[in-house]
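The sequence shown begins at 103 in this note's numbering and counts up one residue at a time.
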Amino acid sequence: MTETPPAPSPLKADPPPLKADLDTLASLAKRRGFAFPSAELYGGFASTYDYGPLGAEMKRCIRDLWWRRMVQERDDVVPIEAAVITNPAVWHASGHVAGFTDPLMDCLQCQSRVRADHVVDDTCPVCGAVGRFTAERQFNLLFRTFVGPVEEAAAVAYLRPETAQGMFVNFENVLTTTRRRLPLGIAQVGRSYRNEITPGQFIFRTREFEQMELEFFCHPEQSLEWHAYWKQERLDWYRLLGIRPQQLRLRDHEQSELAHYSQATADIEFHYPWGWGELEGVAHRGDYDLRAHAAGSGQALTYFDPDTQTHIVPHVIEPAVGVDRVLFAVLADAYDEETDARGETRVVLRLAPSVAPVEVAVLPLSRNERLAPVAREVWDLLRPHFRTQSDDAQSIGRRYRRQDEIGTPLCVTVDFETLDDRAVTIRDRDSMAQLRVPIANLEGALREQLALVHPERR
């Protein structure tokens, strides 16, 4: 197999702009319980966010979809869960202590610290001053901490900036305990920490984030083929999340962009409110990491190929994405506004059922003591099968609007006719069409209706 990289495909043209800007999305997220500024009671803290009831549920959906696709449905991937704080030698061997840096400059006008590679035309992105910067210097992004009761150099450790190294240093353990042959993937979901110079753009870039990463170990001569496979496989995954294809593109890195460990990298990019930006990276890491840790530890990290009777150092393909960034892209793509004949605006999150934090809402027509027990009965019936919510506050019209705004695909309305005919009304979020269904058949009818919900119907 040739080691010549395939020619990059032409980049996709810009799609129509999204319906919401950054401020609109952040406002909706806070108002409806997706994400709040962390410690807002004390004024917040440096682009840090806490996830509310809807955000926490939506993140779980994203994680579960990734896990099912990357681990559960495959026969060549196994999971691990590595420590957040590990031996500092890991980060020395990987090159993070010496080289995990961004270029930093201080604005002499407003004293803001900015990334030098984000400065355009020598203009401060904070205050607009031109040519008023300190000399560029390198800033290490590792978060330092101390292990043990005494803060001294011997006790220095680091919060992991990525989950990948935990999989590399456990390669031999996984290989031995699973008795697998190549290709072999090791998958992990967990938190990482980077002391970013300029975090921001809501949850797009934060100092604490959750990663979903796969290290896919393969024969060197097959690595380019696997890299091409994983680029397409990961792009296809976003269909499960309902993101419209025109909002996504693959962009191969130029040689000058490649990280020190990378032989080739492609970004799956999303068209954010500010333009195209990275959503997920698919890197061809070669054998850099296994060789680095073999040199650092003094132990060989190889695979014995039973077909050739030789020891080889596998190459690694790494698809890596942040849960937070996926959630942001899904929200941005799903946001929609429409105006009715009376000039009233309806805000709708056209979320796919696979990621909607609430799949079915149970809404009694009013707070009537006769309706409440039946509504509770319906809610109890549905909770084991769907992500649900019950709401009886304010008018039924306002409650429909609330559910539209949080992306609930279907609402079930319990009305006074229900007391006589033991039937309820299913209301579709996108078309607002209604369907009368007996309670006895409700679970099956909801599954059929959810299968028809599709975000591209707008």
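Where is the CB? At the ideal position from N, CA and C, for every residue including glycine.
Check, Outcome
"Terminal residues of the alpha helix (DSSP H) in which Pro-155 lies", "155-169"
"For Gln-211, the residue or residues it bridges with in DSSP", "In the DSSP output, where bridge partners are listed per residue, Gln-211 has none listed."
"Any 3 or more C-beta pairs closer than 8 angstroms across the segment 163-179 and the segment 308-324", "yes"
"Environment of Pro-455 [buried if 16+ CB atoms lie within 10 Å]", "buried"
"Neighbourhood of Ala-553 by C-beta distance below 7 angstroms, restricted to the same chain and skipping five residues each side", "none"
"Inter-residue spacing [alpha-carbon to alpha-carbon] between Ala-255 and Ile-370", "40 angstroms"
"Cutoff 6 angstroms; reference Tyr-374; Cβ partners in own chain excluding five residues on either side", "none"
"CA-to-CA distance, Val-514 to Glu-545, given in whole angstroms", "11 angstroms"
"Contact check, Phe-235 vs Met-207, beta carbons under 8 angstroms", "yes"
"Reference Arg-136; option with closest CA among Glu-253, Asp-177 and Val-460", "Correcting the residue type first, residue 136 is Phe in the shown sequence and not Arg. Selected option, being the one with the closest Cα: Val-460."
"For Ser-399, the three-state DSSP class (helix, strand or coil)", "helix"
"Neighbour-count burial assignment, His-413, 16 or more Cβ in a 10 Å radius", "exposed"
"Beta-carbon proximity check, Gln-348 vs Glu-183, cutoff 8 angstroms", "no"
"Between the CA atoms of Gln-213 and Pro-108 - distance to the nearest angstrom", "For Pro-108, the predicted model reports a pLDDT of 49, less than 50, meaning its position is unreliable and no value from the coordinates is stated."
"Range of the contiguous alpha helix (DSSP H) that encloses Glu-335", "325-339"
"Cβ neighbours of Pro-421 in the same chain (closer than 6 angstroms, five flanking residues each side left out)", "Leu-316, Trp-332, Arg-336 and Val-384"
"Contact between the segment 431-450 and the segment 472-482 (3+ Cβ pairs under 8 angstroms)", "no"
"Residues of its chain near Trp-168, where Cβ-Cβ distance is below 6 angstroms and the 5 sequence neighbours each way are ignored", "Met-314"
"Counted within 10 angstroms of its Cβ, other Cβ atoms place Gln-401 as buried (16 or more) or exposed", "exposed"
"Tyr-260 in three-state terms, based on DSSP", "strand"
"Ser-294 burial status per 10 Å Cβ neighbour count (16 or more: buried)", "buried"
"CA-to-CA distance, Glu-323 to Thr-104, given in whole angstroms", "Because Thr-104 sits at a pLDDT of 41, beneath the cut-off of 50, its placement in the model cannot be relied upon, and the following sentence gives the value as read from the coordinates. Taking the straight line from one Cα to the other gives about 8 angstroms."
"Beta carbon of Thr-308 nearer than 8 angstroms to that of Ser-149", "yes"
"Reference Cys-209, options Val-464, Cys-229, Glu-310 and Gln-303, closest by Cα", "Cys-229"
"Residues near Asn-272 in its chain [Cβ-Cβ closer than 8 angstroms; skip 5 each side]", "Ile-182, Ala-184 and Ile-288"
"Residues bridged to Met-314 (per DSSP)", "Val-291 and Val-423"
"7 angstroms CB neighbourhood of Gly-154 in its chain, flanking five on each side removed", "Gly-135, Phe-136, Ala-137 and Phe-138"
"Residues near Thr-404 in its chain [Cβ-Cβ closer than 7 angstroms; skip 5 each side]", "His-413, Ile-414 and Val-415"
"CA-to-CA distance, Val-432 to Ala-128, given in whole angstroms", "13 angstroms"
"Residue ranges of each alpha helix (DSSP H) within the segment 470-540, 4 or longer", "473-484, 498-508 and 520-523"
"Same chain, Cβ closer than 6 angstroms to Trp-378, neighbours up to 5 away in sequence not counted", "Glu-371"
"Local conformation of Asp-391 per DSSP, three classes", "helix"
"Neighbourhood of Arg-246 by C-beta distance below 7 angstroms, restricted to the same chain and skipping five residues each side", "Val-258 and Tyr-260"
"Residues of its chain near Asp-178, where Cβ-Cβ distance is below 7 angstroms and the 5 sequence neighbours each way are ignored", "Pro-285, Leu-286 and Gly-287"
"Opposing strand residues paired with Trp-378 [DSSP bridges]", "His-373"
"First and last residue of the uninterrupted alpha helix (DSSP H) at Arg-234", "Premise fails: Arg-234 is in no alpha helix (DSSP H) and is neither H nor E."
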